[in-house]
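Quick note on our numbering: the sequence shown kicks off at 14 and runs consecutively.
Glycine included, each C-beta is placed from N, C-alpha and C at the ideal position.
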Amino acid sequence: MSQQAETLDVERIREEFPILEREFDGTQLVYLDNAATTQTPEPVVETITDYYRNYNANVHRGIHQLSQEASIAYEEAHDRVAEFIGADGREEVIFTKNTTESMNLVAYAWGLNELGPGDEVVLTEMEHHASLVTWQQIAKRTGAECKYIPITDEGRLDMEAAKELVTDDTEMVSVVHVSNTLGTINPVSELADIAHDHDAYITVDAAQSVPNRPVDVTEIDADFLAFSGHKMAGPTGIGVLYGKQHILEEMEPYLYGGDMILKVTFEDSKWNELPWKYEAGTPIICQGIALAAACDYLDDIGMERIERHEAELAAYAYERLTEEDDVEVYGPPADDRGGLVAFNLEGVHAHDLSSILNDSAVAIRAGDHCTQPLHDVLGTAASARASFYIYNTKDEIDRLVEAVHDARQLFA
Numbered sequence: 014m015s016q017q018a019e020t021l022d023v024e025r026i027r028e029e030f031p032i033l034e035r036e037f038d039g040t041q042l043v044y045l046d047n048a049a050t051t052q053t054p055e056p057v058v059e060t061i062t063d064y065y066r067n068y069n070a071n072v073h074r075g076i077h078q079l080s081q082e083a084s085i086a087y088e089e090a091h092d093r094v095a096e097f098i099g100a101d102g103r104e105e106v107i108f109t110k111n112t113t114e115s116m117n118l119v120a121y122a123w124g125l126n127e128l129g130p131g132d133e134v135v136l137t138e139m140e141h142h143a144s145l146v147t148w149q150q151i152a153k154r155t156g157a158e159c160k161y162i163p164i165t166d167e168g169r170l171d172m173e174a175a176k177e178l179v180t181d182d183t184e185m186v187s188v189v190h191v192s193n194t195l196g197t198i199n200p201v202s203e204l205a206d207i208a209h210d211h212d213a214y215i216t217v218d219a220a221q222s223v224p225n226r227p228v229d230v231t232e233i234d235a236d237f238l239a240f241s242g243h244k245m246a247g248p249t250g251i252g253v254l255y256g257k258q259h260i261l262e263e264m265e266p267y268l269y270g271g272d273m274i275l276k277v278t279f280e281d282s283k284w285n286e287l288p289w290k291y292e293a294g295t296p297i298i299c300q301g302i303a304l305a306a307a308c309d310y311l312d313d314i315g316m317e318r319i320e321r322h323e324a325e326l327a328a329y330a331y332e333r334l335t336e337e338d339d340v341e342v343y344g345p346p347a348d349d350r351g352g353l354v355a356f357n358l359e360g361v362h363a364h365d366l367s368s369i370l371n372d373s374a375v376a377i378r379a380g381d382h383c384t385q386p387l388h389d390v391l392g393t394a395a396s397a398r399a400s401f402y403i404y405n406t407k408d409e410i411d412r413l414v415e416a417v418h419d420a421r422q423l424f425a
């Protein structure tokens with residue numbers, strides 16, 4: 014493939030995101046908060062509009078034409094997402110409202126029933142609260158113990174420690190694929206092998222990987238994998254839990270109610286087939302259909318090309334920021350990280366820095382990024398984070414660095 018073919022046509026892509034043309038006090042927006050939420054392209058917005066204008070109806074509950082059309086589109090959205098992540102079929106794709114709910118579904122539906130005293134859950138020091146808090150609290154309820162794979166000085170997982178921590182007492186390994194703070198790309202396939210060697214399951218938090226790189230659940234050999242639509246050019250309010258079919262069939266439901274049942278009597282209930290067994294009540298219909306449209310949109314661009322584009326931007330941002338003597342950048346080197354850079358400017362709190370950057374129409378994230386224990390390890394209460402996506406450019410990173418210079422002058 015030629016270099017021309019490998020490069021994204023960012024100018025054309027930006028045309029499909031009119032929000033990027035917004036100006037604040039005459040200065041054009043630079044949106045670098047994509048690890049929190051990406052913007053939504055016109056084809057996905059049009060899918061949402063088309064649903065509400067033309068076939069808005071509840072699914073699986075009506076014989077009339079609108080309900081049939083909505084049901085078909087919603088079910089086919091599961092098929093499309095399954096294809097996008099390499100799952101075997103819709104039976105392995107459950108729609109939730111976000112990654113956090115997906116993680117909780119595993120913890121409650123599997124963890125509460127399977128964990129007990131003497132069992133262990135192995136996580137990492139870089140886990141998002143969606144994973145860490147969830148398993149921490151489930152462990153407290155069940156008497157299980159949480160252990161944490163430490164990170165190295167470069168912000169990578171200590172894999173030798175991982176091999177020691179995962180034992181025959183381990184029932185679950187839960188690991189983030191790409192750290193939302195460090196940008197670390199974790200070796201999830203290797204961790205899956207380690208877990209399976211001890212007859213443990215592995216859950217992968219793929220919120221920061223599915224949106225920007227090819228992810229195949231079969232190649233990873235993940236037992237569960239979670240991600241969100243709003244980080245991959247889709248709408249808010251839609252998440253996905255992938256689970257191996259045989260495990261999902263054995264688990265009890267997480268929520269009870271309509272649509273997740275086949276038969277109900279006064280004495281008992283029989284559950285619906287997968288994936289509807291885990292989608293109680295009126296589901297997130299429009300969001301699910303729009304997520305499928307987002308998968309189409311990203312595949313049309315090419316996931317390998319998106320991965321290369323993000324890696325190039327992250328490397329450029331890392332190099333520009335590390336040129337500044339009073340800027341500390343966290344995580345692995347420039348050539349081995351996901352599409353984000355977390356950093357601090359000496360003498361300036363991350364929240365103050367974010368506010369000053371906002372005055373220059375540069376949107377970043379500041380805080381602990383739902384990784385408070387990781388920030389404790391890093392020795393800082395908060396950090397500033399710039400994160401990139403398909404529509405960002407090196408010129409925008411230059412704008413970021415210029416705004417950091419302005420902040421330095423203000424606090425000098």
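Just to confirm, are Gly315 and Ala293 a CB contact at a threshold of 8 Å?
The answer is no: Cβ separation not under 8 Å.
Which runs of the beta strand (DSSP E) fall wholly inside the stretch 171-250 and span at least 3 residues, in chain order?
183-189, 214-218, 237-241
Please report the residue range of the alpha helix (DSSP H) in which Arg27 lies.
23-27
I need the DSSP call for Glu36, collapsed to helix, strand or coil.
strand
Leu366 to Asn111 span [Cα, whole Å]
29 Å
In the structure shown, what three-state DSSP assignment does Cys299 receive?
In the displayed model, Cys299 falls within a helix according to three-state DSSP.
Would the beta-carbon of Ala152 fall within 8 Å of that of Glu265?
no
Using a 10 Å radius around the Cβ and a threshold of 16 neighbouring Cβ atoms, would you call Ala120 buried or exposed?
buried
Three or more beta-carbon pairs under 8 Å between the stretch 316-328 and the stretch 340-352, yes or no?
Judged by Cβ distances under 8 Å, the stretch 316-328 makes contact with the stretch 340-352, as three or more pairs qualify.
If I follow the unbroken alpha helix (DSSP H) through Asn117, where does it start and stop?
Unbroken alpha helix (DSSP H) run through Asn117: 112-119.
Which residue marks the beginning of the alpha helix (DSSP H) containing Arg333, and which one marks its end?
In the DSSP annotation of this structure, the continuous segment of the alpha helix (DSSP H) that includes Arg333 starts and ends at 316-335.
Alpha-carbon spacing of Val189 relative to Gly168, whole angstroms:
13 Å
Which first and last residues belong to the alpha helix (DSSP H) in which Glu167 is found?
Looking at the DSSP string, Glu167 is not in any alpha helix (DSSP H), and its letter there is neither H nor E.
Who are the near neighbours of Tyr267 in its chain, counting only those whose CB is closer than 7 Å to its CB and skipping five residues on each side?
For Tyr267, where only same-chain residues beyond five positions count, the Cβ hits under 7 Å are Leu118, Tyr121, Ala122, Tyr291.
Any 3 or more C-beta pairs closer than 8 Å across the stretch 91-103 and the stretch 156-166:
no
Own chain partners of Asp46 with C-beta closer than 7 Å, once the 5 adjacent residues on each side are dropped
Ala376, Ile377, Arg378, Ser400
What three-state label does DSSP hand Tyr291 in the structure shown?
It is helical.
Let me check one thing: in DSSP terms, what residues is Ala363 bridge-paired to?
Paired residue(s): none; Ala363 is not in a bridge.
With DSSP run on the structure shown, which of helix, strand or coil describes Thr281?
Note that residue 281 is Asp in the sequence shown, not Thr. Coil, per DSSP.
Just to confirm, are Tyr402 and Thr51 a CB contact at a threshold of 8 Å?
yes
Could you check what DSSP says for Leu275 in three-state terms: helix, strand or coil?
strand
Ordered along the chain, which non-local residues of its own chain (more than five positions away) have a Cβ less than 8 Å from that of Gly252?
Phe108, Thr109, Lys110, Asn111, Thr112, Thr113, Glu114, Ser115, Ala239, Phe240, Ser241, Gly242
So what does DSSP say about Lys407, is it helix, strand or coil?
helix
The stretch 83-94 contacting the stretch 271-281, beta-carbon criterion three pairs below 8 Å
no
His259: buried (16+ other C-beta within 10 angstroms of its C-beta) or exposed?
exposed
With distance defined between alpha-carbon atoms, name the residue in Glu415, Thr231, Gly392 nearest to Glu336.
Glu415
Whole angstroms is fine: what's the gap from Glu409's alpha carbon to Gly124's?
Cα-Cα distance, rounded: 44 Å.
Given this structure, state the Cα-to-Cα distance separating Pro227 from Ala95, to the nearest angstrom.
Their backbone Cα atoms lie some 13 Å apart in a straight line.
For Leu433, collect the residues of the same chain with a Cβ closer than 7 Å to its Cβ; drop the 5 residues on either side in sequence, then sort them by chain order.
The requested residue 433 is not part of the displayed model; the chain covers only 14 to 425.
Check each candidate in Gly256, Leu254, Thr295, Tyr255 and name the one with the smallest Cα separation from Met273.
Thr295
Put Gly124 into one of helix, strand or coil per three-state DSSP.
helix
Bridge partner(s) assigned by DSSP for Asp46:
Ser400
I need the boundaries of the beta strand (DSSP E) containing Thr109, first residue and last residue.
Counting along the chain, Thr109 sits inside the beta strand (DSSP E) bounded by residues 106-109.
Could you check if Gly301 is buried or exposed, using at least 16 other CB atoms within 10 Å of its CB as the buried criterion?
buried
Pairwise C-alpha distance: Asn199 and Ala157
25 Å
Checking 8 Å against the spacing of the C-beta atoms, do Asp234 and Ala205 come in under that value?
yes
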